[in-house]
Amino acid sequence: MNTSLHFLVTAQDTGSKARTGRLSLPHGEVDTPAFMAVGTQATVKTLAPEDLSAAGCQIILANAYHLSLRPGDEVIAGLGGLHRFMGWDGPILTDSGGYQLFSLAPLARISDEGIDFQSHLDGARMMLTPERAVRIQENLGPDIAMVLDEPLGFPHTQDEARQALTRTTLWARRAKEAHSLEGQALFGIVQGGGFEDLRAQSARELVEIDFPGYAVGGLCLGETKVETESLLDAATDVLPIDKPRYVMGMGTPADLIRGVRKGADMFDCVMPTRHARRGNLFSWSGRLSIKNAVHAEATEPIDSGCGCHTCRKGYSRAYLRHLFQAGETLGQRLMTIHNLYFYQDLLARVRAEINEGRFSSWAEAQLAGPLGQDPEGPPGGGGGLQRDRSGRLVSRMSARE
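Going by the working numbering, the first residue of the sequence shown is number 1196, and it counts up by one from there.
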């Protein structure tokens, strides 16, 4: 099957695995490393497509599982596909829904056949197989589709990780065989839990299947930052250098810098959008909480050096705090615009530093400064962990953005 994905590495950092690239897709080109805004329900909350373009977003993410339930993937196909449906003419990547069903663990039963689950909307019993996940995404029509996989929460045993790895590889083979949409790229997903040897094994098995791109899943789910880097290293040591690498669900600004250092090209996370709605704002000076009383009469914008619409228009911190406390949607919108712009600006700076041969020293300085001071907070931007019915730690982060 032919795809319209082309990837060219344009620069390589000499002190790390960091690289820049150009990802060409049917709906446009993406300069990498790139951050994808999360639009689970065919919308990035509070923003219109033109806001995303103005913030510098090159590619966005939607969720096939949620869209298959509402309004339905066949409905979207009948309306001309996901791009036309949501009015976004740039590239789109869809996640298959494996992580969302993992986060809804009490409602799901996993077997080699697929994931048997209850709809979180009406409780109806459904089965998501690798083939069904492919069919849904072919109906939606994104530029990049993801195979169905089985992530694990931390902690877990090596036997549990090996079983999930085996199932993920089995599902990847079935997904590759089922996929037939010309021009759409199907990515495999590296699993292997918290074990470096299993991460390398998973990557090798997926490379043998031969996908046009690869994701690394099951990270930022309860492990330490050091473990995250080691596990990502184990995968990127094996994955082809001439194909894009996407790290799923990562994370803080510091996470992105560390991920780029380990050879990642693409990222997504709900953190910038979810945190904006909670009044938490990102800047080069570190994180700022608009809820703090110190901003009650502050006339300055979030960041006087920021080029986003919110800061350029001069919306004061006092006004944003008022909107937040009053529960006004405008506040959520203006702060989301700022946070997304910051994430795009961060990755643009990363690309510039790599291209100019300064990334390694720049990254060290950033991680030692305000951007590196993010606490070891809950994974995925504030979701946290809880015990499932078997006593294992799983993410309690909302299954949708």
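Cβ atoms here follow ideal geometry from the backbone N, Cα and C, with glycine treated the same way.
Beta-carbon proximity of Thr1494 to Ala1513, cut-off 9 Å: As a position in the sequence shown, residue 1494 is number 299, starting the count at 1. As a position in the sequence shown, residue 1513 is number 318, starting the count at 1. Cβ atoms of Thr1494 and Ala1513: closer than 9 Å.
DSSP three-state assignment for Val1433, whether helix, strand or coil: Start at 1 with the first residue of the sequence shown, and residue 1433 comes out as number 238. Note: Val1433 maps to coil in three-state DSSP.
Proximity of Asp1463 and Gly1444 at Cβ, strictly below 9 Å: For the purposes of this step, residue 1463 is taken as the residue at position 268 of the sequence shown. For the purposes of this step, residue 1444 is taken as the residue at position 249 of the sequence shown. Taking 9 Å as the Cβ cut-off, Asp1463 and Gly1444 qualify as a contacting pair.
Per DSSP, the bridge partner or partners of Val1233: Here the question's residue 1233 lines up with position 38 in the sequence shown. Answer is Leu1256.
Exposure of Glu1377, with buried meaning 16 or more beta-carbon neighbours within 10 Å: As a position in the sequence shown, residue 1377 is number 182, starting the count at 1. Residue burial is scored here from C-beta neighbours: Glu1377 has fewer than 16 other C-beta atoms within 10 angstroms and is therefore classed as exposed.
Nearest residue (CA-CA) to Tyr1260, options Met1341, Gly1223 and Thr1241: Residue 1260 sits at position 65 when you count from the first residue of the sequence shown. Comparing Cα positions, the closest option is Met1341.
Residues near Tyr1536 in its chain [Cβ-Cβ closer than 6 Å; skip 5 each side]: As a first step, residue 1536 is located in the sequence shown; it is residue number 341 there, counting from the start. Ala1250 and Cys1503.
Coil, strand or helix - Ile1485 by DSSP: For the purposes of this step, residue 1485 is taken as the residue at position 290 of the sequence shown. Reduced to three states, the DSSP call for Ile1485 is coil.
Collapsed DSSP secondary structure at Gly1293 in the structure displayed: For the purposes of this step, residue 1293 is taken as the residue at position 98 of the sequence shown. The DSSP-derived three-state label of Gly1293 is helix.
Which of helix, strand or coil DSSP assigns to Met1466: The sequence position of residue 1466 within the sequence shown is 271, counting from 1. It is helical.
Simplified DSSP assignment, three categories, for His1201: Here residue 1201 corresponds to residue number 6 of the sequence shown, with the count starting at 1. In the structure shown, the three-state DSSP call for His1201 is strand.
Anticipated Cβ contact below 8 Å, Val1455 with Val1545, distance rounded: As a first step, residue 1455 must be located in the sequence shown, where it is residue number 260. As a first step, residue 1545 must be located in the sequence shown, where it is residue number 350. The pair is a contact, with the Cβ atoms about 6 Å apart (cut-off 8 Å).
Among Ser1219, Ala1543 and Leu1401, nearest to Pro1286 - alpha-carbon criterion: In the sequence shown, residue 1286 corresponds to position 91, counting from 1. Its Cα nearest to that of Pro1286, the residue Ser1219 stands out among Ser1219, Ala1543 and Leu1401.
Within 9 Å, strictly: CB atoms of Met1281 and Ala1229: Along the sequence shown, read from residue 1 onward, the residue named residue 1281 stands at position 86. Along the sequence shown, read from residue 1 onward, the residue named residue 1229 stands at position 34. Taking 9 Å as the Cβ cut-off, Met1281 and Ala1229 do not qualify as a contacting pair.
Secondary structure of Ile1404, DSSP reduced to three states: For the purposes of this step, residue 1404 is taken as residue 209 along the sequence shown, with counting starting at 1. Residue state, collapsed to three classes: helix.
Segments assigned alpha helix (DSSP H), at least 4 residues, entirely inside the region 1349-1377: Counting only runs of 4 or more, we get 1353-1373.
Cross-strand partners of Phe1390 (DSSP beta bridge): Here residue 1390 is taken as the residue at index 195 of the sequence shown, counted from 1. DSSP lists no partner for Phe1390.
Separation of Ser1499 from Gly1292, as counted between CA atoms: By 1-based counting over the sequence shown, the position of residue 1292 is 97. By 1-based counting over the sequence shown, the position of residue 1499 is 304. Using only the alpha carbons, I get a separation of about 39 Å.
Buried or exposed (CB count within 10 angstroms, at least 16 for buried), Arg1265: As a first step, residue 1265 must be located in the sequence shown, where it is residue number 70. Under this definition Arg1265 is an exposed residue.
Residues of its chain near Ser1263, where Cβ-Cβ distance is below 6 Å and the 5 sequence neighbours each way are ignored: Counting from 1 along the sequence shown, the entry for residue 1263 is found at position 68. Ile1331.
Reference Pro1346, options Gly1417, Gln1568, Trp1283 and Arg1368, closest by Cα: Within the sequence shown, the letter at position 151 stands for residue 1346. Nearest option by C-alpha distance: Gly1417.
Contacting residues, own chain, Cβ-Cβ under 6 Å from Glu1571 (five flanking each side not counted): Walking along the sequence shown from the start, residue 1571 turns up at place 376. Because the pLDDT at Glu1571 is just 44, under 50, the model does not fix this residue reliably, and the value given afterwards should be weighed accordingly. If we look at Glu1571 and ignore the five residues flanking it on each side, it has no Cβ neighbours.
Presumed contact (8 Å Cβ cut-off) between Asp1284 and His1222, rounded CB distance: On the sequence shown, position 89 is the one that residue 1284 refers to. On the sequence shown, position 27 is the one that residue 1222 refers to. About 6 Å separates the two Cβ atoms, so the contact holds.
Beta bridge counterpart(s) of Ile1384 as assigned by DSSP: Here residue 1384 is taken as the residue at index 189 of the sequence shown, counted from 1. Answer is Ala1410.
Environment of Lys1438 [buried if 16+ CB atoms lie within 10 Å]: Looking up residue 1438 in the sequence shown gives position 243. Answer is buried; the Cβ neighbour count reaches 16.
Gly1575 versus Leu1256 - alpha carbon distance: The sequence position of residue 1575 within the sequence shown is 380, counting from 1. The sequence position of residue 1256 within the sequence shown is 61, counting from 1. Caution applies to Gly1575, whose pLDDT of 38 falls short of 50 and renders its modelled position unreliable; the value that the coordinates give is listed next. In this structure, the alpha-carbon of Gly1575 lies about 15 Å from that of Leu1256.
Ala1436, buried or exposed, once every other Cβ within 10 Å from all chains shown has been counted against 16: Locating residue 1436 in the sequence shown gives position 241, where the first residue counts as 1. The sequence as given places Ile at residue 1436; Ala does not occur at that position. With fewer than 16 other Cβ atoms inside 10 Å of its own Cβ, Ile1436 counts as exposed.
Cross-strand partners of Tyr1510 (DSSP beta bridge): Walking along the sequence shown from the start, residue 1510 turns up at place 315. Within the DSSP secondary-structure output, Tyr1510 pairs in no beta bridge.
Residue from Pro1496, Arg1453, Asn1487 and Leu1365 whose Cα sits closest to the Cα of Ala1560: Looking up residue 1560 in the sequence shown gives position 365. Here the closest residue by C-alpha is Arg1453.
Length of the line joining the Cα atoms of Thr1531 and Ile1305: Start at 1 with the first residue of the sequence shown, and residue 1531 comes out as number 336. Start at 1 with the first residue of the sequence shown, and residue 1305 comes out as number 110. For the pair Thr1531 and Ile1305, the Cα-to-Cα distance works out to about 36 Å.
Span of the alpha helix (DSSP H) around Ile1271: As a position in the sequence shown, residue 1271 is number 76, starting the count at 1. Counting along the chain, the unbroken alpha helix (DSSP H) around Ile1271 starts and ends at Asp1268 to Gly1273.
Where Leu1316 falls: helix, strand or coil (DSSP): Translated into the one-based positions of the sequence shown, residue 1316 becomes position 121. DSSP, reduced to helix, strand and coil, places Leu1316 outside both helices and strands of the structure shown, so it counts as coil.
Unbroken alpha helix (DSSP H) run spanning Thr1524, endpoints: The sequence position of residue 1524 within the sequence shown is 329, counting from 1. Judged by DSSP secondary structure, Thr1524 falls within the alpha helix (DSSP H) whose first and last residues are Thr1524 to Asn1550.
DSSP beta-bridge partners of Asn1475: As a working note, residue 1475 is residue 280 in the sequence shown. For Asn1475, the pairing in a beta bridge is given by DSSP as Ser1484.
Whole-angstrom C-beta distance between Asn1334 and Asp1268, which should lie under 8 Å: Working through the sequence shown from its first residue, we reach residue 1268 at position 73. Working through the sequence shown from its first residue, we reach residue 1334 at position 139. Cβ-Cβ separation between Asp1268 and Asn1334: approximately 4 Å, consistent with a contact (criterion under 8 Å).
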